[in-house]
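Inspection log for the structure reproduced underneath, given as C-alpha coordinates.
Residue numbers (the working numbering): 105 to 473.
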(Lines of atoms letter the chains of each structure in order from A and count residues from 1; the text may use other names and numbers.)
(Lines give C-alpha, C1' and ligand atoms only; values in the text may rest on other atoms or scores of the structure.)
Protein backbone atom coordinates (compact mmCIF):
# COMPACT_ATOMS: atom_id res chain seq x y z
CA UNK A 1 0.00 0.00 0.00
CA UNK A 2 1.10 3.57 -0.70
CA UNK A 3 1.82 4.94 2.78
CA UNK A 4 1.37 8.53 1.56
CA UNK A 5 -2.38 7.91 1.22
CA UNK A 6 -4.60 8.62 4.21
CA UNK A 7 -8.05 7.39 5.17
CA UNK A 8 -10.57 8.63 7.73
CA UNK A 9 -13.39 6.50 9.11
CA UNK A 10 -16.30 8.69 10.17
CA UNK A 11 -18.61 7.06 12.72
CA UNK A 12 -21.84 8.88 13.54
CA UNK A 13 -22.94 7.25 16.82
CA UNK A 14 -26.18 7.19 18.77
CA UNK A 15 -27.10 5.52 22.07
CA UNK A 16 -25.45 2.09 21.86
CA UNK A 17 -21.94 1.84 23.35
CA UNK A 18 -21.74 -1.95 22.95
CA UNK A 19 -22.50 -1.85 19.22
CA UNK A 20 -19.89 0.86 18.74
CA UNK A 21 -17.29 -1.21 20.61
CA UNK A 22 -18.12 -4.16 18.36
CA UNK A 23 -17.63 -1.96 15.27
CA UNK A 24 -14.27 -0.67 16.55
CA UNK A 25 -13.19 -4.19 17.39
CA UNK A 26 -13.75 -5.16 13.75
CA UNK A 27 -11.95 -2.03 12.49
CA UNK A 28 -8.85 -2.65 14.62
CA UNK A 29 -8.38 -6.01 12.84
CA UNK A 30 -7.74 -4.25 9.53
CA UNK A 31 -4.29 -4.86 8.06
CA UNK A 32 -3.74 -1.09 7.98
CA UNK A 33 -5.50 -0.28 11.28
CA UNK A 34 -2.42 1.65 12.50
CA UNK A 35 -2.83 4.03 9.57
CA UNK A 36 -6.55 4.72 10.05
CA UNK A 37 -7.96 7.97 11.42
CA UNK A 38 -11.15 7.30 13.41
CA UNK A 39 -13.57 10.17 14.09
CA UNK A 40 -16.63 9.45 16.24
CA UNK A 41 -19.51 11.84 16.91
CA UNK A 42 -22.09 10.98 19.59
CA UNK A 43 -25.19 12.79 18.32
CA UNK A 44 -26.38 13.97 21.74
CA UNK A 45 -27.59 10.48 22.62
CA UNK A 46 -30.19 10.21 25.42
CA UNK A 47 -28.01 7.31 26.62
CA UNK A 48 -24.55 8.87 26.10
CA UNK A 49 -21.85 6.76 24.52
CA UNK A 50 -19.32 5.72 27.17
CA UNK A 51 -16.33 7.82 26.12
CA UNK A 52 -13.88 6.07 28.46
CA UNK A 53 -14.73 2.67 26.98
CA UNK A 54 -14.29 3.99 23.44
CA UNK A 55 -10.96 5.70 24.09
CA UNK A 56 -9.48 2.35 25.09
CA UNK A 57 -9.27 1.66 21.34
CA UNK A 58 -7.05 4.72 20.76
CA UNK A 59 -3.87 2.63 20.76
CA UNK A 60 -5.15 0.53 17.83
CA UNK A 61 -5.30 3.37 15.29
CA UNK A 62 -3.24 6.26 13.97
CA UNK A 63 -5.78 8.61 15.50
CA UNK A 64 -9.07 8.30 17.38
CA UNK A 65 -11.08 11.44 18.10
CA UNK A 66 -14.34 11.40 20.06
CA UNK A 67 -16.90 14.22 19.99
CA UNK A 68 -20.25 14.60 21.73
CA UNK A 69 -22.71 17.02 20.16
CA UNK A 70 -24.53 19.40 22.52
CA UNK A 71 -27.63 19.26 20.32
CA UNK A 72 -28.94 16.42 18.15
CA UNK A 73 -27.81 17.10 14.58
CA UNK A 74 -29.57 14.25 12.79
CA UNK A 75 -28.78 11.11 10.81
CA UNK A 76 -27.42 13.10 7.84
CA UNK A 77 -26.14 16.24 9.56
CA UNK A 78 -23.96 14.30 12.01
CA UNK A 79 -21.76 12.62 9.35
CA UNK A 80 -21.82 15.89 7.40
CA UNK A 81 -20.33 17.58 10.48
CA UNK A 82 -17.71 14.85 10.73
CA UNK A 83 -16.80 15.29 7.06
CA UNK A 84 -15.89 18.91 7.73
CA UNK A 85 -13.30 17.75 10.29
CA UNK A 86 -11.24 15.50 8.00
CA UNK A 87 -7.92 16.24 6.30
CA UNK A 88 -7.32 12.88 4.61
CA UNK A 89 -7.32 11.81 0.94
CA UNK A 90 -10.20 9.37 1.41
CA UNK A 91 -13.00 8.73 3.88
CA UNK A 92 -15.78 6.30 4.74
CA UNK A 93 -19.00 6.79 6.71
CA UNK A 94 -19.17 3.74 8.97
CA UNK A 95 -22.46 3.01 10.76
CA UNK A 96 -21.74 2.40 14.44
CA UNK A 97 -23.69 -0.86 14.60
CA UNK A 98 -22.02 -2.45 11.54
CA UNK A 99 -19.15 -4.96 11.39
CA UNK A 100 -16.19 -5.03 8.98
CA UNK A 101 -15.42 -8.63 8.06
CA UNK A 102 -12.70 -8.52 5.38
CA UNK A 103 -9.41 -7.80 7.15
CA UNK A 104 -7.62 -6.36 4.11
CA UNK A 105 -10.60 -4.30 2.94
CA UNK A 106 -9.17 -0.82 3.40
CA UNK A 107 -5.73 -1.82 2.16
CA UNK A 108 -7.31 -3.21 -1.01
CA UNK A 109 -9.46 -0.09 -1.40
CA UNK A 110 -6.47 2.28 -1.26
CA UNK A 111 -4.53 0.13 -3.72
CA UNK A 112 -7.47 0.33 -6.12
CA UNK A 113 -7.42 4.12 -5.93
CA UNK A 114 -3.70 4.06 -6.73
CA UNK A 115 -4.17 1.79 -9.77
CA UNK A 116 -7.08 3.74 -11.23
CA UNK A 117 -6.60 7.51 -11.15
CA UNK A 118 -10.15 8.00 -12.47
CA UNK A 119 -11.65 6.28 -9.42
CA UNK A 120 -13.83 8.54 -7.25
CA UNK A 121 -15.65 5.92 -5.17
CA UNK A 122 -15.23 2.33 -3.98
CA UNK A 123 -18.69 0.74 -3.80
CA UNK A 124 -18.05 -2.35 -1.68
CA UNK A 125 -20.39 -5.26 -1.01
CA UNK A 126 -22.32 -6.16 2.15
CA UNK A 127 -25.00 -8.32 3.74
CA UNK A 128 -27.84 -7.38 6.10
CA UNK A 129 -28.44 -9.09 9.44
CA UNK A 130 -31.24 -8.32 11.88
CA UNK A 131 -30.31 -8.98 15.50
CA UNK A 132 -32.40 -8.86 18.65
CA UNK A 133 -29.63 -7.37 20.75
CA UNK A 134 -25.85 -6.90 20.92
CA UNK A 135 -25.37 -10.64 20.82
CA UNK A 136 -22.12 -12.26 19.76
CA UNK A 137 -23.15 -14.20 16.70
CA UNK A 138 -20.86 -16.22 14.45
CA UNK A 139 -19.93 -13.51 11.98
CA UNK A 140 -18.57 -15.68 9.20
CA UNK A 141 -21.32 -18.29 9.38
CA UNK A 142 -23.82 -15.44 9.33
CA UNK A 143 -22.17 -13.94 6.26
CA UNK A 144 -22.41 -17.23 4.32
CA UNK A 145 -26.16 -17.52 4.94
CA UNK A 146 -27.07 -14.03 3.76
CA UNK A 147 -27.76 -12.74 0.26
CA UNK A 148 -25.31 -10.14 -1.02
CA UNK A 149 -26.79 -6.66 -1.29
CA UNK A 150 -24.82 -6.05 -4.49
CA UNK A 151 -25.48 -8.91 -6.91
CA UNK A 152 -22.24 -8.56 -8.84
CA UNK A 153 -23.02 -11.46 -11.18
CA UNK A 154 -26.53 -10.40 -12.13
CA UNK A 155 -26.90 -10.52 -15.95
CA UNK A 156 -29.05 -7.39 -15.74
CA UNK A 157 -26.17 -5.25 -14.48
CA UNK A 158 -24.32 -3.58 -17.34
CA UNK A 159 -20.90 -2.03 -17.84
CA UNK A 160 -18.76 -3.90 -15.28
CA UNK A 161 -15.17 -4.23 -16.53
CA UNK A 162 -12.92 -7.24 -15.93
CA UNK A 163 -11.26 -5.52 -12.97
CA UNK A 164 -14.64 -4.74 -11.36
CA UNK A 165 -14.57 -1.05 -12.19
CA UNK A 166 -17.41 0.75 -13.94
CA UNK A 167 -17.89 4.18 -15.48
CA UNK A 168 -19.90 6.76 -13.55
CA UNK A 169 -22.50 6.83 -16.32
CA UNK A 170 -23.04 3.05 -16.22
CA UNK A 171 -23.00 3.05 -12.42
CA UNK A 172 -25.91 5.49 -12.22
CA UNK A 173 -27.90 3.66 -14.89
CA UNK A 174 -27.59 0.46 -12.84
CA UNK A 175 -28.48 2.29 -9.64
CA UNK A 176 -31.69 3.59 -11.23
CA UNK A 177 -32.80 0.51 -13.15
CA UNK A 178 -31.35 -2.41 -11.11
CA UNK A 179 -31.77 -1.01 -7.60
CA UNK A 180 -32.75 -4.32 -5.94
CA UNK A 181 -29.50 -5.93 -7.18
CA UNK A 182 -27.36 -2.82 -6.99
CA UNK A 183 -27.17 -1.46 -3.46
CA UNK A 184 -24.91 -1.72 -0.44
CA UNK A 185 -24.44 -0.47 3.12
CA UNK A 186 -22.91 2.97 3.67
CA UNK A 187 -20.16 1.31 5.70
CA UNK A 188 -18.93 -0.51 2.57
CA UNK A 189 -18.41 2.72 0.58
CA UNK A 190 -15.15 4.71 0.45
CA UNK A 191 -14.98 8.16 -1.12
CA UNK A 192 -12.32 10.34 -2.71
CA UNK A 193 -12.34 13.41 -0.44
CA UNK A 194 -11.30 15.86 -3.18
CA UNK A 195 -14.10 14.69 -5.50
CA UNK A 196 -16.67 15.03 -2.71
CA UNK A 197 -15.43 18.51 -1.79
CA UNK A 198 -15.82 19.54 -5.44
CA UNK A 199 -19.60 19.08 -5.14
CA UNK A 200 -19.88 20.86 -1.79
CA UNK A 201 -19.10 18.06 0.67
CA UNK A 202 -20.97 15.07 2.06
CA UNK A 203 -24.51 16.17 2.96
CA UNK A 204 -23.81 19.55 1.32
CA UNK A 205 -25.93 21.96 -0.69
CA UNK A 206 -27.30 19.23 -2.96
CA UNK A 207 -29.38 18.09 0.04
CA UNK A 208 -32.53 19.80 1.23
CA UNK A 209 -32.01 22.69 3.63
CA UNK A 210 -33.86 22.52 6.98
CA UNK A 211 -36.20 25.27 5.73
CA UNK A 212 -36.95 23.43 2.48
CA UNK A 213 -37.66 20.19 4.31
CA UNK A 214 -39.92 21.99 6.75
CA UNK A 215 -42.10 23.72 4.16
CA UNK A 216 -42.25 20.57 2.02
CA UNK A 217 -43.15 18.51 5.13
CA UNK A 218 -40.54 15.83 4.50
CA UNK A 219 -37.89 14.18 6.68
CA UNK A 220 -34.63 15.94 5.86
CA UNK A 221 -32.08 13.59 7.43
CA UNK A 222 -31.79 11.19 4.49
CA UNK A 223 -29.06 11.32 1.84
CA UNK A 224 -30.65 8.93 -0.71
CA UNK A 225 -27.23 8.30 -2.33
CA UNK A 226 -27.31 11.84 -3.74
CA UNK A 227 -23.54 12.09 -3.45
CA UNK A 228 -23.13 9.05 -5.73
CA UNK A 229 -25.07 10.76 -8.52
CA UNK A 230 -22.74 13.76 -8.26
CA UNK A 231 -19.58 11.65 -8.11
CA UNK A 232 -20.68 9.77 -11.23
CA UNK A 233 -20.15 13.00 -13.16
CA UNK A 234 -16.46 12.94 -12.24
CA UNK A 235 -15.11 9.43 -12.81
CA UNK A 236 -15.19 5.69 -12.21
CA UNK A 237 -16.54 3.48 -9.43
CA UNK A 238 -15.08 0.21 -8.17
CA UNK A 239 -17.43 -2.68 -7.37
CA UNK A 240 -16.74 -5.69 -5.15
CA UNK A 241 -17.82 -9.34 -5.53
CA UNK A 242 -17.45 -10.38 -1.90
CA UNK A 243 -19.01 -8.91 1.22
CA UNK A 244 -16.79 -6.69 3.34
CA UNK A 245 -19.43 -5.43 5.77
CA UNK A 246 -22.29 -6.86 7.80
CA UNK A 247 -25.04 -4.26 8.10
CA UNK A 248 -26.50 -4.97 11.54
CA UNK A 249 -30.03 -3.73 12.16
CA UNK A 250 -30.84 -3.83 15.86
CA UNK A 251 -33.76 -2.66 18.00
CA UNK A 252 -31.59 0.28 19.07
CA UNK A 253 -30.96 1.33 15.44
CA UNK A 254 -32.56 4.71 14.73
CA UNK A 255 -34.21 3.39 11.56
CA UNK A 256 -36.08 0.87 13.75
CA UNK A 257 -37.26 3.49 16.24
CA UNK A 258 -41.06 3.45 16.63
CA UNK A 259 -41.08 7.23 17.15
CA UNK A 260 -38.93 7.97 14.10
CA UNK A 261 -40.23 11.36 12.82
CA UNK A 262 -40.34 10.04 9.26
CA UNK A 263 -43.22 7.70 10.21
CA UNK A 264 -45.79 10.47 10.06
CA UNK A 265 -44.45 11.93 6.81
CA UNK A 266 -45.96 10.13 3.85
CA UNK A 267 -44.00 12.12 1.28
CA UNK A 268 -40.56 10.65 0.63
CA UNK A 269 -37.85 13.31 0.58
CA UNK A 270 -36.00 11.34 -2.11
CA UNK A 271 -38.00 12.97 -4.92
CA UNK A 272 -37.07 16.48 -3.84
CA UNK A 273 -33.46 15.71 -2.94
CA UNK A 274 -32.67 14.03 -6.26
CA UNK A 275 -34.48 16.73 -8.23
CA UNK A 276 -32.30 19.32 -6.48
CA UNK A 277 -29.21 17.13 -6.98
CA UNK A 278 -29.77 17.16 -10.75
CA UNK A 279 -29.95 20.97 -10.72
CA UNK A 280 -26.79 21.06 -8.60
CA UNK A 281 -24.96 18.75 -11.03
CA UNK A 282 -25.88 20.91 -14.02
CA UNK A 283 -24.55 24.02 -12.28
CA UNK A 284 -21.22 22.41 -11.31
CA UNK A 285 -20.56 20.30 -14.43
CA UNK A 286 -22.01 22.50 -17.13
CA UNK A 287 -21.24 20.24 -20.09
CA UNK A 288 -23.16 17.83 -22.32
CA UNK A 289 -21.28 14.77 -21.04
CA UNK A 290 -23.51 14.63 -17.97
CA UNK A 291 -26.84 14.80 -19.83
CA UNK A 292 -27.27 11.02 -19.72
CA UNK A 293 -26.63 11.10 -15.96
CA UNK A 294 -29.18 13.89 -15.49
CA UNK A 295 -31.66 11.90 -17.54
CA UNK A 296 -31.22 8.94 -15.18
CA UNK A 297 -31.61 11.14 -12.10
CA UNK A 298 -34.93 12.42 -13.44
CA UNK A 299 -35.89 8.84 -14.30
CA UNK A 300 -35.36 7.96 -10.65
CA UNK A 301 -37.49 10.97 -9.65
CA UNK A 302 -40.31 9.71 -11.88
CA UNK A 303 -40.42 6.49 -9.82
CA UNK A 304 -41.01 8.25 -6.48
CA UNK A 305 -44.70 9.10 -5.82
CA UNK A 306 -45.54 12.78 -5.39
CA UNK A 307 -48.06 12.16 -2.61
CA UNK A 308 -48.41 15.68 -1.26
CA UNK A 309 -48.45 18.69 -3.54
CA UNK A 310 -48.63 22.31 -2.45
CA UNK A 311 -47.74 25.81 -3.57
CA UNK A 312 -44.35 25.25 -1.92
CA UNK A 313 -43.62 22.05 -3.84
CA UNK A 314 -44.63 23.69 -7.12
CA UNK A 315 -42.31 26.60 -6.36
CA UNK A 316 -39.53 24.15 -5.44
CA UNK A 317 -39.80 22.35 -8.80
CA UNK A 318 -39.80 25.71 -10.59
CA UNK A 319 -36.77 27.05 -8.68
CA UNK A 320 -34.71 23.94 -9.38
CA UNK A 321 -35.71 23.52 -13.00
CA UNK A 322 -32.57 22.91 -15.12
CA UNK A 323 -31.44 25.65 -17.49
CA UNK A 324 -31.05 23.37 -20.53
CA UNK A 325 -34.30 23.30 -22.55
CA UNK A 326 -34.18 19.56 -23.27
CA UNK A 327 -33.48 18.77 -19.62
CA UNK A 328 -36.38 21.02 -18.63
CA UNK A 329 -38.74 18.83 -20.65
CA UNK A 330 -37.34 15.67 -19.04
CA UNK A 331 -37.62 17.18 -15.54
CA UNK A 332 -41.25 18.26 -16.06
CA UNK A 333 -42.13 14.85 -17.48
CA UNK A 334 -40.60 13.18 -14.40
CA UNK A 335 -42.77 15.23 -12.05
CA UNK A 336 -45.89 14.42 -14.06
CA UNK A 337 -45.04 10.72 -13.77
CA UNK A 338 -44.40 11.05 -10.03
CA UNK A 339 -47.77 12.79 -9.64
CA UNK A 340 -49.57 9.87 -11.31
CA UNK A 341 -48.17 7.46 -8.70
CA UNK A 342 -50.18 9.08 -5.91
CA UNK A 343 -52.78 6.74 -4.44
CA UNK A 344 -56.47 7.85 -4.47
CA UNK A 345 -56.55 6.78 -0.81
CA UNK A 346 -53.64 9.04 0.15
CA UNK A 347 -55.70 11.04 2.68
CA UNK A 348 -56.53 7.85 4.59
CA UNK A 349 -52.94 6.61 4.45
CA UNK A 350 -51.73 9.98 5.74
CA UNK A 351 -54.19 9.88 8.64
CA UNK A 352 -53.13 6.33 9.48
CA UNK A 353 -49.45 7.33 9.51
CA UNK A 354 -50.13 10.19 11.95
CA UNK A 355 -52.25 8.02 14.24
CA UNK A 356 -49.55 5.31 14.30
CA UNK A 357 -46.86 7.87 15.12
CA UNK A 358 -48.71 9.48 18.04
CA UNK A 359 -49.77 6.06 19.33
CA UNK A 360 -46.09 5.09 19.41
CA UNK A 361 -45.23 8.32 21.22
CA UNK A 362 -47.74 7.51 23.97
CA UNK A 363 -46.46 3.93 24.23
CA UNK A 364 -42.88 5.17 24.49
CA UNK A 365 -43.76 7.63 27.27
CA UNK A 366 -45.72 4.92 29.12
CA UNK A 367 -42.77 2.50 28.99
CA UNK A 368 -40.38 5.26 30.07
CA UNK A 369 -42.45 5.92 33.18
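By construction, the Cβ of each residue, glycine as well, lies at the ideal position given by its N, Cα and C atoms.
A distance below 8 Å between beta-carbons, with the five flanking residues on each side excluded, links residue 437 to the following residues of its chain, in chain order: 402, 406. Look at the beta carbons and you see the region 137–153 touching the region 162–172: at least three pairs across the two are nearer than 8 Å. Counting only runs of 3 or more residues that sit fully inside the region 111–146, the beta strand (DSSP E) segments are 111–117, 140–146, in chain order. In the structure shown, residue 407 adopts coil according to DSSP, grouped into three states.
Assigned with DSSP and collapsed to three states, residue 167 falls in strand.
In this structure the region 337–350 touches the region 216–236; the number of beta carbon pairs closer than 8 Å is three or more.
Judged by DSSP secondary structure, residue 223 falls within the beta strand (DSSP E) whose first and last residues are 223–234. Within the region 290–324, the runs of alpha helix (DSSP H) at least 4 residues long that lie entirely inside it are, in chain order, 297–302, 314–320. Taken through DSSP and simplified to helix, strand or coil, residue 194 comes out as strand.
A distance below 7 Å between beta-carbons, with the five flanking residues on each side excluded, links residue 186 to the following residues of its chain, in chain order: 114, 116, 143, 145. Sequence-distant partners of residue 314 (beyond 5 residues in either direction) whose C-beta falls short of 8 Å from its own C-beta, in its chain, are 324. Between the region 282–294 and the region 372–384, the count of C-beta pairs closer than 8 Å stays below three; the two stretches do not touch.
Its chain contains 115, 198, 199, 200, 201, 202, 203, 204 as the residues whose beta carbon lies nearer than 8 Å to that of residue 127, once the 5 sequence neighbours on both sides are disregarded; these appear in chain order. It is roughly 27 Å from the alpha-carbon of residue 331 to the alpha-carbon of residue 250. It is roughly 7 Å from the alpha-carbon of residue 296 to the alpha-carbon of residue 195. In the displayed model, residue 332 falls within a helix according to three-state DSSP. Assigned with DSSP and collapsed to three states, residue 387 falls in helix. By the neighbour-count definition (other C-beta atoms within 10 Å, threshold 16), residue 134 is a buried residue. Ranking 180, 318, 321, 124 by CA distance to the CA of residue 308 puts 180 first. The beta-carbon distance between residue 348 and residue 230, rounded to whole angstroms, is 7 Å. This is short enough to meet the 8 Å contact definition. Spanning the alpha carbons of residue 408 and residue 253 requires a straight line of approximately 21 Å. Annotated three-state conformation of residue 280 is helix, per DSSP. Per DSSP, residue 420 is one residue of the alpha helix (DSSP H) stretching across 415–423. Per DSSP, reduced to three states, the secondary structure at residue 349 is strand. Linking residue 111 to residue 374 through their CA atoms gives a straight-line distance of about 29 Å. Under the DSSP assignment, residue 434 falls in the alpha helix (DSSP H) whose first and last residues are 429–444. Beta-bridge partners of residue 172 (DSSP): 146.
Shown here, residue 372 sits in coil according to DSSP, grouped into three states, outside any helix or strand. Remark: C-beta atoms of residue 262 and residue 277 approach each other more closely than 8 Å. At the C-beta level, residue 125 and residue 157 come within 8 Å of one another. The residues 305, in chain order, have a CB closer than 8 Å to that of residue 188 in the same chain once the five nearest residues on each side in sequence are set aside. Just so you know, the alpha carbons of residue 389 and residue 376 end up roughly 20 Å apart. Pairing residue 396 with residue 434, the inter-Cα distance amounts to about 11 Å. Apart from the 5 residues on each side of it in sequence, residue 182 sits with its Cβ closer than 6 Å to the Cβ of 116, 145, 147 in its chain, given in chain order. Linking residue 310 to residue 220 through their CA atoms gives a straight-line distance of about 27 Å.
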